[in-house]
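*Asks:* The numbering of the sequence shown is this note's numbering, which starts it at 1 and goes up by one.
We put the beta carbon where it would ideally sit given N, CA and C, even for glycine.
Quick one: this structure, given as structure tokens, is what I'll be asking you about.
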Amino acid sequence: MTEIASDAYVAPGARLIGDVRMASESSVYHGSVLSGEAAPVEVGPQANIQDNCVVEARPGYPVRIGARVSLGHNARVLGATIDERSLIAISATVLPGARVGTQSIVAARATVPEGMHVPPRTLVIGHGRILRAVTEAEIERIEHGATDYVRLGREYREETPSPSGRG
1 MTEIASDAYV APGARLIGDV RMASESSVYH GSVLSGEAAP VEVGPQANIQ
51 DNCVVEARPG YPVRIGARVS LGHNARVLGA TIDERSLIAI SATVLPGARV
101 GTQSIVAARA TVPEGMHVPP RTLVIGHGRI LRAVTEAEIE RIEHGATDYV
151 RLGREYREET PSPSGRG
């Protein structure tokens with residue numbers, strides 16, 4: 001059963017299938033697909049899922065996206081957990097059983113392999129390579145990005161209000 005907070009935003013053309021729960025002020029944008037057919041998908045408060053993302057639970061592997069997480073355009077999260085205030089950059093992939101720690105960044109086009117646990121405040125590049133700790137400036141950019149998408153979600157929701165939060 002899909003549950004969408006009244007102040008969440010789902011763009012036209014986005015698809016929510018099966019057991020998908022979107023918390024307060026979360027947003028999902030054009031062309032993205034969230035599939036909770038095999039297990040639940042939970043999107044935390046003020047998280048944003050940008051255009052053309054695929055978020056798919058797998059049997060035995062639910063998806064949990066924490067508060068203020070940003071999934072960049074074309075990102076893929078498959079049966080994984082993304083802890084709060086993290087960034088999964090453009091075209092990055094997080095595979096089943098993986099966990100990305102709080103305030104971490106998975107770089108553009110990087111892949112977090114199955115079962116990998118990324119420590120908090122870590123930058124991952126390439127195929128699961130931990131490069132270094134995330135800087136304070138990078139954490140600020142994550143926060144600014146999340147704030148911008150909360151604002152956009154509010155604006156779009158006000159333009160096309162509906163009881164379900166869908167645009």
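What does the alpha-carbon distance come out to for the pair valine 69 and leucine 87?
*Replies:* In the sequence shown, residue 69 corresponds to position 69, counting from 1. In the sequence shown, residue 87 corresponds to position 87, counting from 1. Using only the alpha carbons, I get a separation of about 6 Å.
*Asks:* Inspect the beta-carbon positions of valine 43 and serine 32 and report whether they are closer than 8 Å.
*Replies:* Against the sequence shown, residue 43 aligns to sequence position 43. Against the sequence shown, residue 32 aligns to sequence position 32. No; because the gap between Cβ atoms is not below 8 Å, this pair is not in contact.
*Asks:* In terms of DSSP beta bridges, what is histidine 214 paired with?
*Replies:* Residue 214 lies beyond the stretch modelled for the chain, which goes from 1 to 167, so this question has no answer here.
*Asks:* Measuring only the C-alpha atoms, how far is glutamine 50 from valine 28?
*Replies:* Translated into positions along the sequence shown, residue 50 becomes position 50. Translated into positions along the sequence shown, residue 28 becomes position 28. Spanning the two alpha carbons is a distance of roughly 6 Å.
*Asks:* Using a Cβ-Cβ cutoff of less than 6 Å, which residues in the same chain neighbour alanine 80 once the five nearest sequence positions on both sides are dropped?
*Replies:* Working through the sequence shown from its first residue, we reach residue 80 at position 80. Cβ within range, chain order: Val94 and Ala98.
*Asks:* Among Glu3, Thr122, Ala11 and Val10, which one has its Cα closest to the Cα of valine 41?
*Replies:* Residue numbering aside, residue 41 sits at position 41 when the sequence shown is read from its first letter. Nearest option by C-alpha distance: Glu3.
*Asks:* Using three-state DSSP, classify histidine 144 as helix, strand or coil.
*Replies:* Against the sequence shown, residue 144 aligns to sequence position 144. Three-state DSSP puts histidine 144 in a helix.
*Asks:* For alanine 38, report the span of its beta strand (DSSP E) as first-last.
*Replies:* Start at 1 with the first residue of the sequence shown, and residue 38 comes out as number 38. Start and end: 33-43.
*Asks:* Could you check where the beta strand (DSSP E) with glycine 72 kicks off and where it finishes?
*Replies:* Position 72 of the sequence shown, counted from the first residue, corresponds to residue 72. No beta strand (DSSP E) contains glycine 72, which DSSP labels as neither H nor E.
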